[in-house]
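Presented below is the structure to which this report refers.
There are 2 protein chains.
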Amino acid sequence: MLKTLITPHPLPFLKSLIRWSILLTPLALVVGTVCALFLWALKVATLTRFAHPWLLYGLPLAGVAMALLYFWWGGRAASGNNLILEEIESPTVGVPLRMAPMVFLATVVSHLFGASVGREGTAIQMGGSLASGFARLFRLDNRQTRIMLISGISAGFGAVFGTPVAGAVFGLEVLTLGRLTYTALLPGAFASILADWTCRQWESWLHVHHTAYHMGYGAAMLAGNALFQADLWLLAKIALASVAFGLASWAFSEGLRHGTVLVSRVCPVPWLRPALGGTATIALVWLVGSPDYLGLGVISPNPGGASIVDFFGPQHYPWSWFLKLVFTLVALTTGFKGGEVTPLFFIGSGLGNALAPWLGVPVDLLAGIGFVAVFAGAANTPLACTIMAVELFGGANLVYYATGCFIAYLVSGPTGIYLSQRVETPKI
Amino acid sequence: MLKTLITPHPLPFLKSLIRWSILLTPLALVVGTVCALFLWALKVATLTRFAHPWLLYGLPLAGVAMALLYFWWGGRAASGNNLILEEIESPTVGVPLRMAPMVFLATVVSHLFGASVGREGTAIQMGGSLASGFARLFRLDNRQTRIMLISGISAGFGAVFGTPVAGAVFGLEVLTLGRLTYTALLPGAFASILADWTCRQWESWLHVHHTAYHMGYGAAMLAGNALFQADLWLLAKIALASVAFGLASWAFSEGLRHGTVLVSRVCPVPWLRPALGGTATIALVWLVGSPDYLGLGVISPNPGGASIVDFFGPQHYPWSWFLKLVFTLVALTTGFKGGEVTPLFFIGSGLGNALAPWLGVPVDLLAGIGFVAVFAGAANTPLACTIMAVELFGGANLVYYATGCFIAYLVSGPTGIYLSQRVETPKI
Numbered sequence: 002m003l004k005t006l007i008t009p010h011p012l013p014f015l016k017s018l019i020r021w022s023i024l025l026t027p028l029a030l031v032v033g034t035v036c037a038l039f040l041w042a043l044k045v046a047t048l049t050r051f052a053h054p055w056l057l058y059g060l061p062l063a064g065v066a067m068a069l070l071y072f073w074w075g076g077r078a079a080s081g082n083n084l085i086l087e088e089i090e091s092p093t094v095g096v097p098l099r100m101a102p103m104v105f106l107a108t109v110v111s112h113l114f115g116a117s118v119g120r121e122g123t124a125i126q127m128g129g130s131l132a133s134g135f136a137r138l139f140r141l142d143n144r145q146t147r148i149m150l151i152s153g154i155s156a157g158f159g160a161v162f163g164t165p166v167a168g169a170v171f172g173l174e175v176l177t178l179g180r181l182t183y184t185a186l187l188p189g190a191f192a193s194i195l196a197d198w199t200c201r202q203w204e205s206w207l208h209v210h211h212t213a214y215h216m217g218y219g220a221a222m223l224a225g226n227a228l229f230q231a232d233l234w235l236l237a238k239i240a241l242a243s244v245a246f247g248l249a250s251w252a253f254s255e256g257l258r259h260g261t262v263l264v265s266r267v268c269p270v271p272w273l274r275p276a277l278g279g280t281a282t283i284a285l286v287w288l289v290g291s292p293d294y295l296g297l298g299v300i301s302p303n304p305g306g307a308s309i310v311d312f313f314g315p316q317h318y319p320w321s322w323f324l325k326l327v328f329t330l331v332a333l334t335t336g337f338k339g340g341e342v343t344p345l346f347f348i349g350s351g352l353g354n355a356l357a358p359w360l361g362v363p364v365d366l367l368a369g370i371g372f373v374a375v376f377a378g379a380a381n382t383p384l385a386c387t388i389m390a391v392e393l394f395g396g397a398n399l400v401y402y403a404t405g406c407f408i409a410y411l412v413s414g415p416t417g418i419y420l421s422q423r424v425e426t427p428k429i
Numbered sequence: 002m003l004k005t006l007i008t009p010h011p012l013p014f015l016k017s018l019i020r021w022s023i024l025l026t027p028l029a030l031v032v033g034t035v036c037a038l039f040l041w042a043l044k045v046a047t048l049t050r051f052a053h054p055w056l057l058y059g060l061p062l063a064g065v066a067m068a069l070l071y072f073w074w075g076g077r078a079a080s081g082n083n084l085i086l087e088e089i090e091s092p093t094v095g096v097p098l099r100m101a102p103m104v105f106l107a108t109v110v111s112h113l114f115g116a117s118v119g120r121e122g123t124a125i126q127m128g129g130s131l132a133s134g135f136a137r138l139f140r141l142d143n144r145q146t147r148i149m150l151i152s153g154i155s156a157g158f159g160a161v162f163g164t165p166v167a168g169a170v171f172g173l174e175v176l177t178l179g180r181l182t183y184t185a186l187l188p189g190a191f192a193s194i195l196a197d198w199t200c201r202q203w204e205s206w207l208h209v210h211h212t213a214y215h216m217g218y219g220a221a222m223l224a225g226n227a228l229f230q231a232d233l234w235l236l237a238k239i240a241l242a243s244v245a246f247g248l249a250s251w252a253f254s255e256g257l258r259h260g261t262v263l264v265s266r267v268c269p270v271p272w273l274r275p276a277l278g279g280t281a282t283i284a285l286v287w288l289v290g291s292p293d294y295l296g297l298g299v300i301s302p303n304p305g306g307a308s309i310v311d312f313f314g315p316q317h318y319p320w321s322w323f324l325k326l327v328f329t330l331v332a333l334t335t336g337f338k339g340g341e342v343t344p345l346f347f348i349g350s351g352l353g354n355a356l357a358p359w360l361g362v363p364v365d366l367l368a369g370i371g372f373v374a375v376f377a378g379a380a381n382t383p384l385a386c387t388i389m390a391v392e393l394f395g396g397a398n399l400v401y402y403a404t405g406c407f408i409a410y411l412v413s414g415p416t417g418i419y420l421s422q423r424v425e426t427p428k429i
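Residue numbers (my numbering), protein chains in the order written: chain A, 2 to 429; chain B, 2 to 429.
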């Protein structure tokens with residue numbers, strides 16, 4: 002009786018807790034520091050491009066140079082995010098360490114010359130390749146290596162966006178569609194929280210700060226300490242907008258998939274493709290008459306221009322979301338390095354801004370919902386995106402964020418932007 | 002080319018969205034209304050007991066009466082939460098509809114006479130049995146019945162605690178340990194949000210309100226619109242406290258399991274067991290000299306008494322959490338109906354209150370973390386509990402809530418309070 006009373010006892014679980022805290026501390030410190038340097042380099046690249054708009058004309062050449070770099074020295078690193086997902090699914094020789102510096106350099110070059118790409122791919126790849134390096138250093142077995150890799154993804158994502166809890170959930174949620182396995186729940190959270198903390202320690206030294214988005218809606222409720230009460234009419238309008246968000250995710254994923262096939266047919270030489278994309282981007286800037294759709298798009302070089310921050314304000318941008326979709330598909334299908342997520346933030350918050358006056362929804366609320374929902378639909382990560390909204394905008398509108406992310410997840414179709422994401426549970 | 006460009010198209014996903022919205026609306030309206038009536042009945046029962054403390058002496062008899070009711074008419078309904086989890090795992094003839102009124106009545110009787118039980122079990126069983134009824138009415142197939150049952154759990158949980166997003170995640174997370182499958186992500190959220198909304202519509206009619214807990218910590222940060230920055234030293238202290246929360250979850254689950262076996266050996270007649278538990282409860286009240294550990298414990302009959310609301314304030318309660326653990330194990334192992342969750346809130350926030358001055362952590366913060374963490378560890382639902390904290394206390398301290406819930410989840414051992422929860426991914 003006594004034996005059954007004390008077993009299963011919690012000691013092995015405590016040991017696991019301490020062991021992983023020790024294993025993950027160096028990874029988190031390194032990933033956090035590298036992400037701080039990356040954010041600093043992105044800021045310098047973006048401001049340099051704002052100051053010297055002619056840099057755009059170098060985009061085709063810069064793209065080809067980076068593609069050649071990958072062509073000659075990249076090896077397996079060229080597979081990017083997909084390689085990391087595959088190594089977690091079934092570990093082989095690991096992720097090459099050179100992936101980290103290469104994707105860092107290539108992404109900064111993308112942004113210096115104005116390709117419309119993001120940064121989460123870079124953060125994930127840096128986190129994943131560093132994690133793989135530590136796993137080899139510590140001689141971890143396959144199961145432990147998987148936990149290390151997931152923690153690397155979480156750390157990179159959490160640090161680069163300043164959203165540690167979303168990072169922890171993202172690392173688990175992105176692996177398989179329709180299922181979240183808790184293999185690395187606490188390790189991922191530990192790595193993500195510590196990497197984010199480390200990244201923020203560099204803020205004052207490097208003068209980089211995460212962007213604060215202004216979510217006014219719901220703030221009054223919080224100040225009054227009132228309990229949340231859903232407004233059904235508002236909820237119905239948000240649900241309708243969220244269907245549009247999901248369709249935008251679907252258009253993005255499908256555009257990316259089919260566009261990549263199309264580009265590879267038109268231009269069979271991989272390292273020449275960025276020349277095509279760079280030239281098309283220059284032509285698009287001429288056509289549109291604005292550089293607002295280049296780079297990250299978090300801020301605009303021109304006052305009153307289209308940018309994520311501006312979408313939360315009173316000005317109306319009916320088509321910015323669509324232009325960003327086109328610019329980003331051109332950049333990503335032709336092989337520019339970076340990521341999909343910040344452009345997805347732009348497309349989502351821009352679409353929210355576009356729909357807000359037509360639907361009669363407060364613009365900051367719908368921009369914030371779009372921000373996370375289009376990403377949730379494209380990456381199939383509805384829970385991470387719901388939590389991300391709380392970390393970026395506060396908890397007051399949680400029900401509306403969840404509604405946006407869950408509906409976009411359903412409507413965005415059977416797959417997403419990560420081709421190596423396994424489909425475990427079909428959405429319908 | 003055109004065909005591949007338009008397939009897989011999002012139309013079937015939109016149809017699924019509309020179909021489930023129609024199927025789930027009556028369920029959500031009924032569950033929300035029933036939960037409002039239940040909260041009202043609980044309030045009346047609790048205030049009646051406060052006004053007439055002698056009702057406690059009726060506890061053994063009242064418990065036997067309810068046990069006889071289940072013995073004669075309960076049938077499969079006696080299995081409670083476990084029957085619902087089993088029906089989701091592999092649907093048979095469904096959950097009997099009588100489960101809803103029986104568990105409603107038995108729980109209110111428990112609270113009227115002072116058994117230390119909760120209310121989430123009741124909400125889940127009412128939601129599940131009503132969902133099963135609607136599934137039979139609509140002649141749904143097995144897959145659809147599962148979605149309906151999960152939505153019923155989510156609706157009941159979301160409405161009874163006033164936490165709709167946590168309800169949606171709880172319905173998915175509680176089924177299997179270590180894995181969250183998105184079978185009913187959007188249906189669960191729809192049912193939970195609408196049921197919660199319905200329940201709140203009755204508030205002014207029935208004069209029942211969800212309790213507002215005062216979380217002062219972090220509120221200043223929100224008011225200043227500053228971004229969250231984790232305090233590592235505070236985080237370390239919270240991690241340490243969370244190990245204690247996890248051990249409390251473990252003690253609760255193990256106590257429940259072994260206590261039930263022990264009681265069934267001591268008293269082989271099922272319907273006689275509540276007489277044992279009722280008598281023991283009376284003896285415990287004499288011993289402790291306080292009725293604070295009876296019933297829900299959200300508020301206390303005496304000013305300055307031990308209650309969940311008081312644990313967020315300045316008074317120190319070093320042992321209240323332990324007394325509630327004992328009272329609740331006595332009630333639950335001897336067969337009183339209700340649930341585990343509100344006592345777990347009491348134990349968690351009480352333990353947070355006890356540890357706060359020793360660790361030098363703000364008491365409201367640690368009470369709030371304990372509130373959700375002990376429940377997360379006992380039910381193995383770390384994500385739902387993290388989200389619940391945001392819904393009850395606001396988003397400012399999300400990193401600390403996640404830390405608490407994730408650590409308690411790990412430390413609480415290989416199983417939990419729900420015996421029919423399948424273990425899919427071991428924690429270590």
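Beta carbons are placed, not taken as given, at the ideal position from N, Cα and C, and that holds for glycine. Please read these numbers as outputs of a predicted model, since none were measured by experiment.
Within the same chain, show all residues whose beta-carbon is closer than 6 Å to that of A:Phe-1, passing over the 5 residues directly before and after it, in chain order. Here chain A comprises residues numbered 2 to 429, so residue 1 of chain A is not present and cannot be evaluated.
A:Val-35 (DSSP reduced to helix, strand or coil): helix
List, from N- to C-terminal side, the alpha helix (DSSP H) runs of 4 residues or more that fit wholly inside the region 123 to 172 of chain A. 143 to 162
Contiguous beta strand (DSSP E) assignments of at least 3 residues, all confined to the region 174 to 215 of chain B: 180 to 182
What is the DSSP secondary structure of B:Tyr-364, counted as helix, strand or coil? What sits at residue 364 of chain B in the sequence shown is Val, not Tyr. B:Val-364: helix per DSSP, three-state reduction.
Who pairs with B:Arg-423 in a beta bridge, going by DSSP? B:Thr-177
For the alpha helix (DSSP H) containing B:Cys-406, name the first residue and the last one. 399 to 412
Quick check on this structure: which residue in B:Tyr-214, B:Gly-157, B:Ala-220 has the alpha carbon closest to the alpha carbon of B:Gly-189? B:Gly-157
Near A:Trp-272, which residues of its chain fall below 7 Å by C-beta distance, leaving aside the five closest residues on each side in sequence? Val-65, Ala-68, Leu-69, Phe-72
Contact set for B:Leu-43: own chain, Cβ-Cβ below 6 Å, skip 5 residues either direction: His-112
Cβ-Cβ distance between B:Tyr-183 and A:Thr-426 below 7 Å: yes
State whether the region 129 to 149 of chain B contacts the region 95 to 109 of chain B, with contact taken as three or more CB pairs (one from each stretch) at a distance under 8 Å. yes
Which residues, in order along the region 310 to 328 of chain B, keep a beta-carbon less than 7 Å from a beta-carbon of chain A? none
Cβ of A:Thr-34 within 7 Å of any chain B Cβ: no
What does the alpha-carbon distance come out to for the pair A:Ala-192 and A:Val-391? 20 Å
Given a cut-off of 7 Å on the beta-carbon distance, is the pair A:Phe-162 and A:Thr-382 in contact? no
Measure the alpha-carbon distance for B:Arg-77 versus B:Ala-379 and round it to whole angstroms. 25 Å
Quick check: the region 11 to 20 of chain B against the region 38 to 57 of chain B, are at least 3 beta-carbon pairs closer than 8 Å? no
Within 7 Å, strictly: CB atoms of B:Val-424 and B:Leu-178: yes
Opening and closing residue of the alpha helix (DSSP H) in which A:Thr-282 lies: 274 to 289
Run the CB neighbour count on A:Ser-254, radius 10 Å, all protein chains shown included, and call it buried at 16 or more, exposed below. buried
Which whole-angstrom value describes the C-beta separation of A:Pro-304 and A:Lys-325, a residue pair presumed to lie in contact below a C-beta threshold of 8 Å? Incorrect: roughly 19 Å between the Cβ atoms, too far for contact.
By the three-class DSSP mapping on this structure, what secondary structure does A:His-53 have? coil
Near-chain A residues of the region 374 to 387 of chain B (beta-carbon distance less than 8 Å), N- to C-terminal order: Pro-383, Leu-384, Thr-387
If contact means a Cβ-Cβ distance below 8 Å, which residues of the region 243 to 256 of chain A contact chain B? Val-244, Gly-247, Leu-248, Trp-251, Glu-255
Three-pair Cβ contact test at 8 Å for the region 146 to 155 of chain B versus the region 329 to 341 of chain B: no
Go through its chain and collect everything with a Cβ distance to B:Ser-308's Cβ below 7 Å, but skip five positions before and after it. Asp-293, Gly-298, Val-299, Ile-300, Ser-301
Per DSSP, what kind of secondary structure is B:Tyr-71 in: helix, strand or coil? helix
Counting only Cβ-Cβ distances shorter than 9 Å, please list the residues of the region 273 to 295 of chain A near chain B, keeping chain order. none
Exposed or buried, what is A:Ile-148 when buried is set at 16 or more other beta-carbons lying within 10 Å of its beta-carbon? buried
Within this structure, are the beta carbons of B:Gly-129 and B:Ile-194 separated by less than 7 Å? no
Determine whether the Cβ of B:Thr-164 lies closer than 7 Å to any Cβ atom of chain A. no
Relative to the alpha-carbon of A:Gly-115, which residue among A:Gly-122, A:Glu-121, A:Ala-107 has its alpha-carbon at the smallest distance? A:Ala-107
For A:Lys-428, three-class secondary structure by DSSP: coil
Own chain, CB closer than 6 Å to B:Cys-386, minus 5 neighbours either side, in chain order: Val-373, Phe-376, Ala-377, Cys-406
Quick check on DSSP: helix, strand or coil for A:Tyr-58? helix
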